[in-house]
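S.K.: For reference, the structure I am asking about is given below.
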Amino acid sequence: MLEPAPAAIDTHVLMGPFARGRRLPQVAAGVLLRPFIPGDAAVVNAGEGAVKVDDIATRSVPRIYSLTWPLFLQMLFMHLIGLVDIFVLSRISDDASAAVGAVNTVMTFVIMMFSFMGQGGSLVYAQCLGAGRPDDARRYYSASLVLHLAAGVTVSLLLFVFAPDIARLLGLGGVHFEYGATYLRVVGGGIVFYAVVSMFAGIMSANGHTRQMMTASVLTNVLNTGLLYVLVLSPAGPQWGVAGAAWSTVTASFVGLAYNVWLVAFRLRIRFAVALSLRDLVRDGRILLRYTVPTTLEPMLWQAAQIVATAIITALGPVALAARIYTLTITNLIGMFSSALSQGLQITVGHLAGAGDAAAVRRTYRWVVWIGLAVAVLLAAMAGLLSGPIMRIFTDDPDVVRVGQLLLAMGLVYLPSSAVIMNTAGALRGVGQVRYPALVGIVVLWTVFLPLAYTLSLPLGLGVLGVMIAMGVDENLRAVLLVLRWRRLIASPDGTALLARTLISPSNRRSTVPSEVASQ
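In this text, residue positions in the sequence shown follow my numbering: the first is 3, and each later residue adds one.
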């Protein structure tokens with residue numbers, strides 16, 4: 003039986019690319035027979051007439067695409083900020099470029115942490131919006147703002163205070179130490195701006211406004227590039243070197259934050275709850291942490307595993323290391339598309355799960371996972387076939403080119419499985435299954451991939467090929483485990499197992515709403 007939604011319907015819930023820009027009027031006395039979700043077949047009974055919206059069965063996949071391509075470009079532009087700094091500094095000093103490149107590994111780690119915090123929050127918002135509970139979503143927006151501010155201020159202070167110690171831990175000395183500590187102190191001290199931006203990004207993505215997220219990233223990158231020219235390269239500018247690059251990044255991040263605030267508050271008119279008690283914030287914060295901690299922990303430990311894998315490859319010699327670094331540029335781009343597609347799927351599944359539509363969740367996952375797999379196979383095959391010309395873009399060393407060709411060819415072994423992992427994990431998170439993907443990722447990476455990579459590459463003498471074989475075993479094993487979990491969840495015809503961990507399930511409902519509402 004369909005439950006009535008609240009009488010007053012927030013117009014921002016009805017917006018986004020799925021709704022084709024149509025703003026349905028607020029219905030003071032009407033009933034929303036099914037909660038409006040992106041692309042759903044909702045019917046608004048407004049007294050005498052009714053308004054039908056697109057059917058999810060035929061519209062969900064194109065709508066996921068409309069979410070995916072802005073997400074892909076947003077990731078690409080965020081990835082470019084640090085690379086642009088390194089490139090500009092390389093024009094004036096190899097020492098400066100190398101030092102900033104070294105400390106940027108720390109900044110990439112922190113930025114990734116806050117990005118996945120934002121994604122974890124978007125899971126909660128999407129389920130609330132899909133269930134037709136905009137007031138609950140507003141509460142979580144406010145609690146998330148507090149969490150991101152607290153985490154951002156804490157990390158900013160730690161990076162500002164301990165920047166010299168971190169630079170030493172990275173092995174920087176002499177002029178490299180001065181450059182690295184300066185950059186890390188300034189950029190790290192301003193990371194609070196990105197922490198809050200990631201929270202706004204999660205809110206916009208849950209509401210389907212990924213194009214606006216993309217424009218914010220473009221603005222930040224364009225401004226950063228312009229400031230780099232003025233502060234670092236321009237003969238008429240101060241030519242501040244590393245300090246100029248750092249301040250251009252922080253300034254661009256601050257302007258990007260201001261633009262995100264304007265987008266959410268004034269352009270999209272998404273409202274936050276303003277009258278929350280400490281008890282409400284604690285309760286909602288716990289729910290958010292239940293989603294964000296596993297969502298954040300897995301990629302952080304994945305990044306740590308990649309650092310260990312790079313250390314193993316470093317032990318194989320400079321040729322293997324150079325080939326690995328160059329080919330990562332290509333494989334990361336392929337992985338970036340799969341990641342964007344999985345985020346689009348995660349947002350849509352979250353809405354569908356919030357609406358209790360298990361059948362649509364099954365159909366949407368089935369279509370998207372096959373599309374993602376096909377695209378990954380195609381891109382990996384193209385990279386393998388064009389491996390020679392691709393490697394010669396980066397280097398003329400025949401040994402590096404040869405090893406790079408082998409690495410790109412091996413992409414067919416693990417990149418398709420990686421796409422299945424991302425999409426299946428995204429779907430699982432969308433229905434509230436956040437712990438299992440994290441557990442599988444952490445356990446398999448650290449108990450299978452790394453030991454196998456070390457054993458095959460060094461003691462058994464397979465070199466970099468051994469690392470790639472280990473990566474193929476890791477990715478395919480994780481893909482199998484996640485798909486088996488998904489198939490087990492969808493086995494129940496009524497969808498109870500699939501939706502058991504969502505915020506709308508009976509077991510979670512009482513703990514996620516105010517006590518006075520839960521008692522009604």
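Glycine included, each C-beta is placed from N, C-alpha and C at the ideal position.
By DSSP, does residue 146 sit in helix, in strand, or in coil?
M.R.: Here residue 146 corresponds to residue number 144 of the sequence shown, with the count starting at 1. Helix.
S.K.: In chain order, which alpha helix (DSSP H) runs of at least 4 residues are fully inside the region 405-458?
M.R.: 413-432 and 437-446
S.K.: How would you write the range of the alpha helix (DSSP H) that residue 209 sits in, first residue to last?
M.R.: Here residue 209 refers to the residue found at position 207 when the sequence shown is read from its first residue. No alpha helix (DSSP H) contains residue 209, which DSSP labels as neither H nor E.
S.K.: Report yes or no: do the region 445-459 and the region 414-433 share at least 3 C-beta pairs separated by less than 8 Å?
M.R.: no
S.K.: Go ahead and label residue 372 buried or exposed: buried means 16 or more other beta carbons lie within 10 angstroms of its beta carbon, across all protein chains shown.
M.R.: Against the sequence shown, residue 372 aligns to sequence position 370. By the neighbour-count definition (other C-beta atoms within 10 Å, threshold 16), residue 372 is an exposed residue.
S.K.: How would you write the range of the alpha helix (DSSP H) that residue 467 sits in, first residue to last?
M.R.: The residue labelled residue 467 in the question sits at position 465 within the sequence shown. Taken as a continuous stretch (DSSP letters only), the alpha helix (DSSP H) holding residue 467 covers 466-491.
S.K.: In chain order, what residues of the same chain lie with their CB nearer than 7 Å to the CB of residue 100, ignoring the 5 residues before and after it?
M.R.: Mapped onto the sequence shown, residue 100 falls at position 98. The residues are 178.
S.K.: Less than 6 Å between C-beta atoms, sequence neighbours within five positions excluded: which residues of the same chain meet that for residue 105?
M.R.: Locating residue 105 in the sequence shown gives position 103, counting from the first residue. Shown here for residue 105: same chain residues with a beta carbon closer than 6 Å to its own, the five before and five after excluded, namely 182, 185 and 186 in chain order.
S.K.: CA-CA distance, residue 411 and residue 198?
M.R.: Here residue 411 is taken as the residue at index 409 of the sequence shown, counted from 1. Here residue 198 is taken as the residue at index 196 of the sequence shown, counted from 1. Rounded to the nearest angstrom, the two C-alpha atoms are 40 Å apart.
S.K.: How long is the line joining the alpha carbons of residue 40 and residue 376, rounded to whole angstroms?
M.R.: Numbered from 1 along the sequence shown, position 38 holds the residue referred to as residue 40. Numbered from 1 along the sequence shown, position 374 holds the residue referred to as residue 376. At residue 40 the pLDDT is 39, less than 50, meaning the model places this residue with poor confidence; the figure from the coordinates comes in the next sentence. Roughly 25 Å between the two C-alpha positions.
S.K.: With burial defined as no fewer than 16 other Cβ atoms inside 10 Å of the residue's Cβ, what is the status of residue 334: buried or exposed?
M.R.: Position 332 of the sequence shown, counted from the start, is the residue given in the question as residue 334. Classification of residue 334: exposed, given that the 10 Å Cβ count is below 16.
S.K.: Tell me whether residue 314 is buried or exposed, calling it buried when 16 or more other Cβ atoms sit within 10 Å of its Cβ.
M.R.: Within the sequence shown, numbered from 1, the residue matching residue 314 stands at position 312. Result: buried.
S.K.: I need the DSSP call for residue 253, collapsed to helix, strand or coil.
M.R.: Counting from one through the sequence shown, the residue named residue 253 turns up at place 251. In this structure, residue 253 counts as helix in the three-state DSSP scheme.
S.K.: Which one of 449, 340 and 469 has the shortest CA to CA distance from residue 66?
M.R.: For the purposes of this step, residue 66 is taken as the residue at position 64 of the sequence shown. Looking at the Cα atoms, 340 is the closest of the given residues.
S.K.: First and last residue of the alpha helix (DSSP H) that includes residue 369?
M.R.: Counting from 1 along the sequence shown, the entry for residue 369 is found at position 367. Where residue 369 is concerned, the enclosing alpha helix (DSSP H) stretches over 360-387.
S.K.: Leaving out five residues on either side along the sequence, give the residues of the same chain with a beta carbon under 6 Å from the beta carbon of residue 75.
M.R.: The count along the sequence shown starts at 1 and reaches residue 75 at position 73. Around residue 75: 216.
S.K.: How big is the Cα-Cα spacing for residue 330 and residue 90?
M.R.: Looking up residue 330 in the sequence shown gives position 328. Looking up residue 90 in the sequence shown gives position 88. Taking the straight line joining both Cα atoms gives about 21 Å.
S.K.: Which runs of the alpha helix (DSSP H), 4 residues or longer, sit entirely within the region 142-193?
M.R.: 176-191
S.K.: Residue 238 lies in the alpha helix (DSSP H); which residues open and close that run?
M.R.: Indexing the sequence shown from 1 puts residue 238 at position 236. Counting along the chain, residue 238 falls outside any alpha helix (DSSP H), and DSSP gives it neither H nor E.
S.K.: Do residue 293 and residue 122 come within 7 Å of each other at the CB atom, strictly closer than that value?
M.R.: Within the sequence shown, the letter at position 120 stands for residue 122. Within the sequence shown, the letter at position 291 stands for residue 293. Yes, Cβ-Cβ distance for residue 122 and residue 293 is below 7 Å.
S.K.: Taking the alpha carbon of residue 489 as the reference point, which residue from 384, 413 and 368 has its own alpha carbon closest?
M.R.: Within the sequence shown, the letter at position 487 stands for residue 489. Looking only at 384, 413 and 368, the smallest Cα-Cα distance to residue 489 is reached by 368.
S.K.: If you compare alpha carbons, which of 204, 309 and 237 is closest to residue 262?
M.R.: Stepping through the sequence shown from its first residue, residue 262 is reached at position 260. Residue 262 has its Cα closest to that of 204, out of 204, 309 and 237.
S.K.: Spell out whether any CB of chain C is found under 7 Å from the CB atom of residue 316.
M.R.: In the structure shown, chain C cannot be found, because there is only a single protein chain.
S.K.: Considering only C-alpha positions, which residue in the set 481, 483, 461 and 452 is nearest to residue 470?
M.R.: Indexing the sequence shown from 1 puts residue 470 at position 468. For the residues 481, 483, 461 and 452, the minimum Cα distance to residue 470 belongs to 452.
S.K.: Does the region 145-153 come into contact with the region 229-242, if we say contact requires no fewer than three beta-carbon pairs (one atom in each stretch) closer than 8 Å?
M.R.: As far as the Cβ criterion goes, the region 145-153 does not touch the region 229-242, which means the pair count is below three.
S.K.: Are residue 324 and residue 402 closer than 7 Å when you measure CB to CB?
M.R.: On the sequence shown, position 322 is the one that residue 324 refers to. On the sequence shown, position 400 is the one that residue 402 refers to. Contact: yes.
S.K.: In the DSSP assignment, find the unbroken alpha helix (DSSP H) run with residue 328 in it and report its ends.
M.R.: Working through the sequence shown from its first residue, we reach residue 328 at position 326. Taken as a continuous stretch (DSSP letters only), the alpha helix (DSSP H) holding residue 328 covers 320-356.
S.K.: So what's residue 279 in DSSP terms, helix, strand or just coil?
M.R.: Residue numbering aside, residue 279 sits at position 277 when the sequence shown is read from its first letter. DSSP places residue 279 in coil when its eight states are reduced to three.
S.K.: Nearest-angstrom Cα distance between residue 350 and residue 72?
M.R.: If you number the sequence shown from 1, residue 350 lands on position 348. If you number the sequence shown from 1, residue 72 lands on position 70. A direct Cα-to-Cα measurement between residue 350 and residue 72 gives close to 15 Å.
S.K.: Can the beta-carbon of residue 301 be found less than 7 Å from the beta-carbon of residue 114?
M.R.: Here residue 301 refers to the residue found at position 299 of the sequence shown. Here residue 114 refers to the residue found at position 112 of the sequence shown. Yes; because the gap between Cβ atoms is below 7 Å, this pair is in contact.
S.K.: Could you tell me how far apart the beta carbons of residue 124 and residue 290 are, in whole angstroms, since I believe they sit closer than 8 Å?
M.R.: Start at 1 with the first residue of the sequence shown, and residue 124 comes out as number 122. Start at 1 with the first residue of the sequence shown, and residue 290 comes out as number 288. In fact, because the Cβ distance is near 11 Å, the residues do not count as touching under 8 Å.
S.K.: Note down the Cα distance separating residue 353 from residue 264, rounded to an integer number of angstroms.
M.R.: For the purposes of this step, residue 353 is taken as the residue at position 351 of the sequence shown. For the purposes of this step, residue 264 is taken as the residue at position 262 of the sequence shown. Each residue's Cα considered, the two are about 25 Å apart.
S.K.: Might you give, ordered along the chain, the residues of its own chain that have their beta carbon closer than 8 Å to the beta carbon of residue 269, omitting 5 neighbours on each side?
M.R.: Translated into the one-based positions of the sequence shown, residue 269 becomes position 267. Same-chain partners within the cutoff: 214.
S.K.: Does DSSP put residue 461 in a helix, in a strand, or in coil?
M.R.: What you label residue 461 is simply residue 459 of the sequence shown in a count that begins at 1. If DSSP states are grouped into helix, strand and coil, residue 461 belongs with coil.
S.K.: Near residue 51, what residues of its chain come up, given a Cβ to Cβ distance below 7 Å and the 5 sequence neighbours on each side ignored?
M.R.: Taking the sequence shown and counting its residues from 1, one reaches residue 51 at position 49. Its pLDDT being 33, under 50, residue 51 is placed unreliably in this model, and the coordinates cannot settle the point.
S.K.: Residues in its own chain within less than 7 Å of residue 304 by CB, not counting five upstream and five downstream?
M.R.: Here the question's residue 304 lines up with position 302 in the sequence shown. 443 and 447.
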